[in-house]
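Numbering-wise, the sequence shown is residues 685 to 748 according to the working numbering. Each residue gets a CB set at the ideal place from its N, CA and C atoms; glycine is no exception. Here the structure comes first, spelled out in structure tokens, and everything after it is commentary.
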Amino acid sequence: TDGSCSGNPGPGGWGVVYVMDGRILASDHGEDPATTNNRMEFTAMIHGLEMLGPAEEMDVYTDS
């Protein structure tokens, strides 16, 4: 996962890639015209968690 913004607050974006056994299974991204870097980081993580099935486990890698 990753998220950032230009200025804080400012325009920002987030992205997430779901990888299992070295294969990309899903990815998603988005933007917000007025946000913070923390909000974009958390948004990426939330979208990543929503990609899981109810009994799946996940390791989350982020730089924050």
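Query, Result
"Buried versus exposed call for MET724 [16 or more other C-beta atoms within 10 Å across all chains shown]", "buried"
"Length-filtered (3 minimum) beta strand (DSSP E) runs lying within the segment 687 to 713", "694 to 704"
"Same chain only: Cβ atoms within 6 Å of PRO717, ignoring 5 sequence neighbours per side", "PRO695"
"Span separating the alpha-carbon of TYR745 from that of PRO693", "24 Å"
"Alpha-carbon spacing of SER688 relative to ASN722, whole angstroms", "8 Å"
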